[in-house]
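A.B. asks:
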Amino acid sequence: DMKVTQMPRYLIKRMGENVLLECGQDMSHETMYWYRQDPGLGLQLIYISYDVDSNSEGDIPKGYRVSRKKREHFSLILDSAKTNQTSVYFCASSPPGQKNTLYFGAGTRLSVL
Amino acid sequence: GDSVTQTEGPVTVSESESLIINCTYSATSIAYPNLFWYVRYPGEGLQLLLKVITAGQKGSSRGFEATYNKETTSFHLQKASVQESDSAVYYCALGDRCLGYKLTFGTGTSLLVDP
């Protein structure tokens, strides 16, 4: 079963705390993504990973970093979270040769208080 | 920059009625736009509903259709008769055939189908 799994689904943190969002996929896709979506906006690309340790900034990378040590896992890290990072975060992956066909996780709703 | 504008939701339609969700795009930096509709059912991640990579062509899936109109820069989603199971959030997206990878999404349109 092709699946992208995000953990946790809901998270509440205080400003200044560190946040780790985890994403896994069971399709051996090389390319993975992190997006965020805020009310009234489309999904915005934070980072792309083309494979293990091959990561590239997206449109809004400031305040985030990523880690990809295994092809199946892609983590998003917020060092010292800010209130404006309250959002819904989506992880996705895409198969080789189908760059724009993304498989998404169900999202993590993060609240930074 | 590139952008996608779609019908602002929520949209409520009665079962068996027809549906249109408008989508227009601006592809200022993309030479060969590809167009997509993604759908997000409750509790699930977004999934590809249909895509069209050639202007003038129509894509279809699960009873939904969308035609890539380069002249009007539109990619409206239509269905002749909706079902309650179509209740979801629909996202129009713009991609670049050459550069790939990056998609520009619309804000999403929430559809509620009344039984």
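Quick mapping for you: the protein sequence lines, in order, are chains A and B.
Quick note: the first sequence, position 62, residue 62 per our numbering, numbers continuous.
Quick note: the second sequence, position 9, residue 1009 per our numbering, numbers continuous.
For every residue, glycine included, the Cβ atom is placed at its ideal position computed from N, Cα and C.
Would N55/A count as contacting chain B if we go by Cβ distances under 8 angstroms?
C.D. replies: No, N55/A lies away from the interface with chain B (no Cβ there is under 8 angstroms from its Cβ).
A.B. asks: Give me whichever residues DSSP pairs with Y1091/B in a beta bridge.
C.D. replies: In DSSP, Y1091/B forms a bridge with Y1038/B.
A.B. asks: Alpha carbons only, please: which of L43/A, R65/A, P96/A, D59/A is nearest the one belonging to F1105/B?
C.D. replies: Answer by Cα proximity: L43/A.
A.B. asks: By the criterion of Cβ-Cβ separation under 8 angstroms, what are the contact partners of L41/A in chain B?
C.D. replies: The contacting residues are T1107.
A.B. asks: Taking any Cβ of chain B, which residues in the region 90-108 of chain A have a Cβ under 8 angstroms from it, in chain order?
C.D. replies: From the region 90-108 of chain A, only F90, A92, S94, K99, N100, T101, L102, Y103, F104, G105, A106, G107 have a Cβ closer than 8 angstroms to chain B.
A.B. asks: Is the shortest distance between the beta-carbon of F1036/B and the beta-carbons of chain A less than 8 angstroms?
C.D. replies: So, interface residue.
A.B. asks: Give the straight-line distance between the Cα atoms of D26/A and K70/A, rounded to the nearest whole angstrom.
C.D. replies: Looking at the two C-alpha atoms, the distance is approximately 12 angstroms.
A.B. asks: Can you tell me which of the three DSSP states T83/A falls into?
C.D. replies: DSSP places T83/A in helix when its eight states are reduced to three.
A.B. asks: State the start and end residues of the unbroken beta strand (DSSP E) segment that holds T1005/B.
C.D. replies: 1003-1006 is the extent of the beta strand (DSSP E) around T1005/B.
A.B. asks: Quick one: Cα of P1010/B to Cα of Y50/A, how far?
C.D. replies: The alpha-carbon atoms of P1010/B and Y50/A are separated by roughly 36 angstroms.
A.B. asks: Please list the terminal residues of the continuous beta strand (DSSP E) segment that includes Y1025/B.
C.D. replies: Run containing Y1025/B: 1023-1026, per the beta strand (DSSP E) assignment.
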